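J.: Residue numbering for the sequence shown follows this note's numbering, starting at 4 and increasing by one per position.
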Amino acid sequence: MRFPLPAPMLEFLILACLEKQDSYGYEICQTIKTIQNIKEPVLYPILKKLQSEKQIDSYEKTIRNRRRKYYTLTLQGREELTAMRKDWKQYETKIDAIV
4 MRFPLPAPML
14 EFLILACLEK
24 QDSYGYEICQ
34 TIKTIQNIKE
44 PVLYPILKKL
54 QSEKQIDSYE
64 KTIRNRRRKY
74 YTLTLQGREE
84 LTAMRKDWKQ
94 YETKIDAIV
């Protein structure tokens, strides 16, 4: 894709990924890669930021003898995601009007 995703858009996508189910970093990265080729080292600072802002939380889980850090959306994260969706709709409408 010719349009690189800025950090706020990545935050939006991460929160949206976690809305349906808890997930771990690699899985989130793979989902976002369907639209933008990002690397995990780019993702983890954003996850850390969202966690420090209390929009997501984390816990560890062992699956097939592998310990993974899972992320989950908090109530504050759900509220932020709702606000971001409103902003996205306005942005989308304005972009569509131009192109």
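Even for Gly, the Cβ is constructed at its ideal location relative to N, Cα and C.
Since this is a predicted model, take the numbers as computed values, not measurements.
(1) For the beta strand (DSSP E) holding L76, just list the boundary residues, first then last.
(2) Please say whether I59 and L13 have beta carbons closer to each other than 8 Å?
(3) By DSSP's criteria, E63 is part of a beta bridge. Which residues make up the other side?
(4) Exposed or buried, what is L76 when buried is set at 16 or more other beta-carbons lying within 10 Å of its beta-carbon?
(5) Which residues mark the beginning and the end of the alpha helix (DSSP H) in which E14 is found?
(6) Determine whether the beta carbon atoms of Y94 and Y27 lie at a separation below 8 Å.
(7) Quick one: is E83 buried, meaning 16 or more other Cβ sit within 10 Å of its Cβ, or exposed?
T.: Taking the coordinates as given:
(1) R69 to L76
(2) no
(3) K72
(4) buried
(5) A10 to K23
(6) no
(7) buried
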